[in-house]
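In this note's numbering, the protein residues as written are 18 to 458. In this text, a Cβ means the ideal position worked out from N, Cα and C, and glycines have one as well. The structure appears right after this line, and notes come after that.
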Ligand SMILES: Nc1nc2c(ncn2[C@@H]2O[C@H](COP(=O)(O)OP(=O)(O)OP(=O)(O)O)[C@@H](O)[C@H]2O)c(=O)[nH]1
Ligand SMILES: [Mg+2]
C-alpha cells in the first residue's frame, strides 16, 4: 500500500530539491502536484482539499523564515499536515478500571473481523493481559470453529454458545461477561457476524449485541482494499453503533491507501491498529507519524526498532554479549541470534520497512528456507560440536548432513559462514572496527 503515492512524493520532493528559493508559483505548482498525487491514491476529495489548503497556507507564509532549505521546509510541512490528517497521536484502547474491558468488533463480511479478533487477542496477551475471545457470529456455521482454531493456536480461551443451544448473538454476548469473570480474564474481545452490505438486519443485531455488552471499545474492521467505500461504511456503522476506532486490515495488499488517509478526518474516529498480513503476528498499532514517514519515503525506522525490542530477549542478549566480550561465540549463539531475528516476523516485512533501500532490493525475495536449513544443520550437531566446530571432520560432516536433510556442501558453507561471523565478533570484542564479511556492505 502507498507505493504509488510514495513514489509520487519522492518525485515531487526531488524536483523541489534543485530549487533555491520558492516563489509563489513554485508553491502553487508543488501543492497542485500533491493534490493530484493524493486524489490518485483515492483519498477522499474533501480530505485532499483541506490538507492541500493547509500545506499551501503554511508553505507560502513560512517562506524564507527558517534555516531549512525550501525543499526541506515543504517536506516538513507536508509531513506535519499528513500526520494531523491521520489522527495526530497514536490512539489507544480504552481500558476499564473495572475488568473486564470489553472490545466489540464489527464490520462487513470478509473485512477481517475474526482474524483481527485473534490478532488483537495475541497483541493484548503479549502485554500480559488475560484475554477471552467471544464467538458472537452465529451467522456463518463455520465462524465459531474458525475462532476456536485461532484461540487454540494462540492459547486463548474462546467462549461460544453451548452445543445444541439455540442461542442468538445477544445471548452469547449476555453470557460473555460472566464467563470472563469466572475465568478471571481482563479483556473480552467479541467477534460478530458480517453482511455483504450495510443492511438493517445487521445493524439491528449489532445494536442489540452492543446494548447487552456495553463495550468500552466498539471497533470497526475495514478492509483497506475497499477504497473510498470504506469511508461510507464507516459512517454507516458509526451512526448505528457509535464507533470508538477503526482497525484497517489488509494494508499489505495493493490498495492505494486513500481509505487510511480519509477515515479519521471524515468519520472522526482514529485508526487504532492495522493488519499487515494473514498471520496473527501481522498486526501493529497505528502510528500516524510513522505512517506519514513511510508515505513520504522516510522509512519506518521506529516501527522496526520497536519490533526488534519486543522480539529480543534481553536476558539472552546480555548473556551472549558477555560471552562475546570473552571472545567466545559459538554455533549456539549463532543459532540464538538467528532465531531472535526470525521472531521479528518474516524478513520480507522487515526489509520493506528499512529506509533508503533501493526498490529492487525491497521487492527481492528473502530466502526463509535458507534460515530453516541453517537451523536444521546446527540442531543436528552435538553440543560439543557446536562449541568446537573444528571437531567436525569428514564422517561427522556426513552425519550432520544426513541428520538435517542437507548435503555436506551445505554443512561446509555454513561452517565457513560461521567462521567469518566469529572472526568479526572477535574483532568487535577486541574493540576493533569490524570488517564485514560481505563485500560491498
Ligand atoms: N493479506 C491480508 N489478509 C487478511 C488480513 N486480515 C484478514 N485477512 C484475510 O481475509 C479473509 C477474511 O478474514 P476473516 O477474518 O475471516 O473476515 P471476517 O470479517 O471475519 O469475515 P466474516 O466472518 O465472513 O464476516 C481471510 O482469508 C483472512 O486471512 C490482512 O491484514 N492481510
Ligand atoms: Mg468472521
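Practice task
To the nearest angstrom, report how far apart residue 278 and residue 208 are at their CA atoms.
Solution key: Here residue 278 refers to the residue found at position 261 when the chain shown is read from its first residue. Here residue 208 refers to the residue found at position 191 when the chain shown is read from its first residue. Computed Cα separation, rounded: 26 Å.
Practice task
Give the DSSP-derived three-state secondary structure of residue 479 in the structure shown.
Solution key: A query on residue 479 cannot be resolved here, the shown segment of the chain reaching from 18 to 458 and no further.
Handout entry: Same chain, Cβ closer than 6 Å to residue 233, five either side skipped, listed in chain order
Key = One-based indexing of the chain shown puts residue 233 at position 216. Hits under 6 Å: 111, 113, 118, 119.
Practice task
Find out if the Cβ-Cβ distance for the pair residue 59, residue 245 is shorter than 7 Å.
Solution key: By 1-based counting over the chain shown, the position of residue 59 is 42. By 1-based counting over the chain shown, the position of residue 245 is 228. Against a cut-off of 7 Å, the Cβ pair of residue 245 and residue 59 comes out as a contact.
Exercise for the section: Pick helix, strand or coil for residue 405, following the three-state DSSP scheme. Expected result: For the purposes of this step, residue 405 is identified with residue 388 of the chain shown, where counting begins at 1. Coil.
Problem - Nearest-angstrom Cα separation, counted from residue 18 out to residue 357 - result: Working through the chain shown from its first residue, we reach residue 357 at position 340. Working through the chain shown from its first residue, we reach residue 18 at position 1. Their backbone Cα atoms lie some 27 Å apart in a straight line.
Practice task
With DSSP as the reference, please indicate the residues paired to residue 148 in a beta bridge.
Solution key: For the purposes of this step, residue 148 is taken as the residue at position 131 of the chain shown. Its beta-bridge partners are 204.
Problem - Simplified DSSP state of residue 123, which is helix, strand or coil - result: One-based indexing of the chain shown puts residue 123 at position 106. Strand at residue 123.
Practice task
Please name the residue, chosen from 392, 340, 335, that lies closest to residue 355 on a Cα-to-Cα basis.
Solution key: Counted from its first residue, the chain shown places residue 355 at position 338. Ranking 392, 340, 335 by Cα distance to residue 355 puts 392 first.
Exercise for the section: Evaluate residue 427 with the Cβ neighbour count: other Cβ atoms within 10 Å of its Cβ, from every protein chain shown; 16 or more gives buried, anything less gives exposed. Expected result: In the chain shown, the residue the question calls residue 427 occupies position 410. Result: buried.
Handout entry: For ligand 2, residues whose Cβ lies under 7 Å from any non-hydrogen atom
Key = 130, 131, 154, 157, 160, 163, 208, 211
Handout entry: ligand 1 heavy atom lying under 6 Å from the CB of residue 177
Key = As a position in the chain shown, residue 177 is number 160, starting the count at 1. It does not: the Cβ of residue 177 is nowhere closer than 6 Å to a heavy atom of ligand 1.
Handout entry: Alpha-carbon to alpha-carbon, residue 310 and residue 96
Key = In the chain shown, the residue the question calls residue 96 occupies position 79. In the chain shown, the residue the question calls residue 310 occupies position 293. Approximately 7 Å, taken between the alpha carbons.
Exercise for the section: Could you give the DSSP three-state label for residue 310: helix, strand or coil? Expected result: Residue mapping note: residue 310 aligns to position 293 of the chain shown, counting from 1. Looking at residue 310 - three-state DSSP - the assignment turns out to be helix.
Exercise for the section: Measure the alpha-carbon distance for residue 52 versus residue 251 and round it to whole angstroms. Expected result: Along the chain shown, one-based indexing puts residue 52 at 35. Along the chain shown, one-based indexing puts residue 251 at 234. Distance between the alpha carbons of residue 52 and residue 251: 24 Å.
Problem - Reduced DSSP secondary structure (H/G/I, E/B, other) of residue 249 - result: In the chain shown, counting from the first residue as 1, residue 249 sits at position 232. The answer is helix: DSSP assigns residue 249 an H, G or I state.
Problem - Residue range of the alpha helix (DSSP H) that includes residue 57 - result: Looking up residue 57 in the chain shown gives position 40. Residues 41-57.
Practice task
Indicate whether the contact test is met: 3 or more Cβ pairs, each with one atom in the segment 295-312 and one in the segment 136-146, closer than 8 Å.
Solution key: yes
Handout entry: Cut-off 8 Å between Cβ atoms - residues of its own chain near residue 9, not counting five sequence neighbours on either side
Key = Past the boundaries of the shown model lies residue 9; the chain is included only from 18 to 458, so the question cannot be answered.
Handout entry: residue 268 and residue 238 closer than 7 Å at C-beta
Key = Taking the chain shown and counting its residues from 1, one reaches residue 268 at position 251. Taking the chain shown and counting its residues from 1, one reaches residue 238 at position 221. Not in contact: residue 268 and residue 238 (Cβ atoms no closer than 7 Å).
Practice task
Rank 62, 20, 91 by C-alpha distance to the C-alpha of residue 72 and give the top, closest one.
Solution key: The residue labelled residue 72 in the question sits at position 55 within the chain shown. The shortest C-alpha separation from residue 72 is found at 91.
Exercise for the section: Measure the Cβ-Cβ separation of residue 205 and residue 198 and say whether it is below 7 Å. Expected result: As a first step, residue 205 must be located in the chain shown, where it is residue number 188. As a first step, residue 198 must be located in the chain shown, where it is residue number 181. No, Cβ-Cβ distance for residue 205 and residue 198 is not below 7 Å.
Exercise for the section: Find out if the Cβ-Cβ distance for the pair residue 258, residue 212 is shorter than 7 Å. Expected result: Against the chain shown, residue 258 aligns to sequence position 241. Against the chain shown, residue 212 aligns to sequence position 195. It is not a contact, given that the beta carbons lie outside the stated cut-off.
Practice task
Reducing DSSP to helix, strand and coil, say where residue 244 ends up.
Solution key: The sequence position of residue 244 within the chain shown is 227, counting from 1. Looking at residue 244 - three-state DSSP - the assignment turns out to be coil, as it is neither helix nor strand.
Practice task
Report the rounded CA-to-CA distance for residue 125 versus residue 76, giving the unit in angstroms.
Solution key: Counted from its first residue, the chain shown places residue 125 at position 108. Counted from its first residue, the chain shown places residue 76 at position 59. Spanning the two alpha carbons is a distance of roughly 40 Å.
Practice task
Could you tell me the boundaries of the beta strand (DSSP E) in which residue 180 lies?
Solution key: On the chain shown, position 163 is the one that residue 180 refers to. That residue, residue 180, is in no beta strand (DSSP E); it is neither H nor E in DSSP.
Exercise for the section: If I'm right that residue 64 touches residue 284 with Cβ under 8 Å, what's the distance once you round it to whole angstroms? Expected result: By 1-based counting over the chain shown, the position of residue 64 is 47. By 1-based counting over the chain shown, the position of residue 284 is 267. Their Cβ separation, rounded to whole angstroms, is 11 Å, which puts residue 64 and residue 284 out of contact at 8 Å.
Problem - Presumed contact (8 Å Cβ cut-off) between residue 164 and residue 131, rounded CB distance - result: To locate residue 164, count along the chain shown from 1; it is residue 147. To locate residue 131, count along the chain shown from 1; it is residue 114. About 6 Å; that satisfies the 8 Å criterion.
Practice task
Give a yes or no on whether the minimum CB-CB distance between residue 207 and chain B is below 7 Å.
Solution key: Of the chains in the structure shown, none is chain B; there is only one protein chain.
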